[in-house]
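Q: So the sequence shown is numbered by our numbering: it starts at 111 and just counts up by one.
Positions of the beta carbon are idealized from the N, C-alpha and C atoms, including for glycine.
Quick one: the structure is below, and I'll ask about it shortly.
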Amino acid sequence: FIILIGGPAASYSNSYVSKNMENPLTSAALQYFYYSKDREPDKKILRPEKSLKIVETLIQGKKPSGKIWDNYPLVRIREATGCTGQNHSELNKILCTTADRPNILILFLESFRAAEVGVYGSKLGLTPEFDRWSKHGILYKNFFANGFQTRHGQVATYCSLFPNYGAAVMKRYTGNSFMCLPEYLKNSGYYTSWVYGSDANFDGQSTFLPKVGFDKIVDEFDFPNGAVTLGWGISDEDLFRKWETVLDSEPEPFFSSALTTTNHHPFEVPDNYRLQAGDSVTDRYRESLHYTDAMLGGFLKRISKKPWFKNTIIFVTADTSSYQNAEQHTNNYEEFVNLHSQVPLLILSGKSTALGKKSEGLIITQHASQVDLAPTILDILRKKYIVPWVGRSLLNSVDLLTDVPQRAFTNRPGAYWAVIEEKSRYYRENDQRDHFFGDQDNQKGLHLKEIGSSWIETIRWVLQENRVWPEK
111 FIILIGGPAA SYSNSYVSKN MENPLTSAAL QYFYYSKDRE PDKKILRPEK SLKIVETLIQ
171 GKKPSGKIWD NYPLVRIREA TGCTGQNHSE LNKILCTTAD RPNILILFLE SFRAAEVGVY
231 GSKLGLTPEF DRWSKHGILY KNFFANGFQT RHGQVATYCS LFPNYGAAVM KRYTGNSFMC
291 LPEYLKNSGY YTSWVYGSDA NFDGQSTFLP KVGFDKIVDE FDFPNGAVTL GWGISDEDLF
351 RKWETVLDSE PEPFFSSALT TTNHHPFEVP DNYRLQAGDS VTDRYRESLH YTDAMLGGFL
411 KRISKKPWFK NTIIFVTADT SSYQNAEQHT NNYEEFVNLH SQVPLLILSG KSTALGKKSE
471 GLIITQHASQ VDLAPTILDI LRKKYIVPWV GRSLLNSVDL LTDVPQRAFT NRPGAYWAVI
531 EEKSRYYREN DQRDHFFGDQ DNQKGLHLKE IGSSWIETIR WVLQENRVWP EK
C-alpha cells in the first residue's frame, strides 16, 4: 500500500506518487486512502425533511405502527409475497424452493467486474467457468455495485443500506444499531459464517461483522500452514477449499458468505495460470481474474455433489468493479459508469441446477444492485418481517404499494453517483455535471436526480443520528 505524509502528492514534483499517477495501482491506492478517511465535518447536518419525505415514498413495505418507529424512517413491514401463489414467473419457480429454510451462500469475487466476463460481452475468453455455470442459473445482465470498495459491497449486501457518501459505516458507525441479513437469519435458526483469505481486522470487519450477526469469522489465521499466499491474501484455491470444509461442518440451515482475494493487486497467480500476454497491470489483472474463474468452477463442481447442495441457493457476485483499463473504449458517460460499477450476478439453485444437461439458463435484464439481495433472500423464506432496508426483492419487479420500478443506485465518491432504471438513467459527475440517458424528458431526469440526492442526504443523516434501527 501507499502512505502519504504531508500535503497532496501532486505538490511534490519528485515524489513517487506524483511520478506514477498514470499507474492504475498508484491512482487507485491514492483514491482508496483519501476516501477511507473520515471526510465528514464534525458539525452535524440538520434533519433533511424534504429528502426524508421523498425517500419514504420509495421504500418497499408499510411503516409499522408505534411511536418508537417514528424515529427510524427506513423501517418497514414487508409481507414477503414474492413466493406466493399469485407470482408464477420463471424466476420465482427457480428461487421459491419447497424447503422452508434453504441454505444461503453469498460469494464475493474480488474486483470481478462485468466488463471482462464472457456472458456480459467480453471477447477475451477469461471466464469460461462463470459463463458455463450461467447456463444453469439466473443471470442478471444489469446488476450494479452500490459503492467502490469491498466494505461498501458488504454493507450494501448484508444490511441493504446504501454506502455513506463520506465516513465509512464499518469504521465510524460501529457503535450504531443495525438489523442486517445475518442477524435476521441467525434469529430464524440459521448458523452464520463468514470466510476471508486475508486479515479480518482490515477495514473493521472483525468488529462490524459479528455485530451484524455472523456467528463464525474465518480469516487467514485460521488456514492450515500449507495454505498458499498470493499477493493480498490466501490463494483463491485454498480459500474455496477452506470454505468447503466450513460448510461441510455446519448444521443446516446455514447462511455463509466468502470473499476471494487473489484478484486484488498485485495480481499474483501460479505460474501455470500466467497467460503470457504481457506484464502490465492490466495483463496481470486479467490473469488473476482468469485464475479466480478457474477456482470458482472447481468449487462449484465439488459442492454440487454435496448432500446439502440440493437445499442451497448461491448468489455469486463481486464486491465492486475494478479500476483497471477495459478492452473497450467508452463512447459516453453512461458507458463509463457501467464499466466502473457494473458487476455480475449469478444465482444458482441446487434444486434446479442440471449439470450435463442442455440448458440456457434464465437471463434477467431488469436493473438491480447489491442492496436488493437481502430482501430477495427473506422473500424466499415467505415470512413477514420488519427491517430498515432500502433495497427491493428481485422477486417483485414493481412494488405494488409504491409502484416503484426496479432501479439501481451506484455511488463512487469524488467521481459520480447514478440512479439507473431500464428506460431512464441519471448520472451526476463529480457533483458538478448532469448526464441524462434513455427515454425521458428533462423533468424525469430531474426527478431521478432528486431521488439520488435524497438518498445521499438521508443515509448520511440516519447514520449520524443512529436512526437505522432501535438500540437492542
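When burial is assigned at 16 or more other CB atoms within 10 Å of the CB, is T427 buried or exposed?
A: buried
Q: For H450, report the span of its beta strand (DSSP E) as first-last.
A: Note, H450: premise wrong, no beta strand (DSSP E); alpha helix (DSSP H) at Y443 to S451.
Q: Examine the ligand HEM and report whether any of its heavy atoms sits within less than 7 Å of the Cβ of K173.
A: In the structure on display, the ligand HEM does not appear, and there are no ligands present to speak of.
Q: Taking the C-alpha atoms as reference points, what is the distance between L184 and R570?
A: 13 Å
Q: DSSP state of R522, grouped into three classes?
A: strand
Q: Run through the segment 185-216 for me and flag every whole alpha helix (DSSP H) of 4 or more residues, listed as ranges in chain order.
A: 200-205
Q: Mind checking which residues open and close the beta strand (DSSP E) that includes L349?
A: From DSSP, L349 is part of no beta strand (DSSP E) but of the alpha helix (DSSP H) over D346 to S359.
Q: Are there 16 or more other CB atoms within 10 angstroms of the CB of T402, so buried, or fewer, so exposed?
A: buried
Q: Give me the DSSP bridge partner(s) of S366.
A: L215 and S303
Q: Is there contact between the segment 541-553 and the segment 450-463, where contact requires at least three CB pairs shorter than 8 Å?
A: No contact exists between the segment 541-553 and the segment 450-463.
Q: On the three-state DSSP scale, how would you describe R543?
A: strand
Q: Would you call the segment 449-459 and the segment 272-290 in contact, with 3 or more CB pairs under 8 Å?
A: Verdict: no, contact absent.
Q: Determine contact between the segment 259-271 and the segment 496-503, defined as no fewer than three beta-carbon pairs at a distance below 8 Å.
A: Flag = yes, the segment 259-271 and the segment 496-503 touch.
Q: Thinking L357 and F364 are a contact (beta carbons under 8 Å), I'd like their distance in whole angstroms, please.
A: 7 Å
Q: Determine, using beta-carbon pairs with one atom in the segment 367-378 and one in the segment 212-224, whether at least three such pairs fall under 8 Å.
A: yes
Q: Runs of 3 residues minimum, wholly inside the segment 403-437: which ones carry the beta strand (DSSP E) assignment?
A: 422-428
Q: Counting only the same chain and skipping the five closest in sequence on each side, list residues whose C-beta sits under 6 Å from that of G257.
A: P273 and N521
Q: Rounded to whole angstroms, what's the CA-CA distance from L140 to L295? Just pull it up for me.
A: Note that L140 scores 49 on pLDDT, short of 50, meaning its location in the model is unreliable; the coordinates nonetheless yield the value given after this. If I take the Cα positions, the gap works out to 37 Å.
Q: In this structure, does DSSP put W243 in helix, strand or coil?
A: helix
Q: Going by C-alpha distance, which of Q480, I566 and F419 is nearest E354?
A: F419
Q: Mind checking whether V265 and S303 have CB atoms under 8 Å apart?
A: no
Q: Applying the criterion that 16 or more other CB atoms from any shown protein chain within 10 Å of the CB defines a buried residue, is F331 buried or exposed?
A: exposed
Q: If we count the other Cβ atoms within 10 Å of its Cβ and call it buried at 16 or more, is I344 buried or exposed?
A: buried
Q: Between which two residues does the beta strand (DSSP E) carrying H477 extend?
A: L472 to S479
Q: Do you know offhand how far L406's Cα is from E226's?
A: 15 Å
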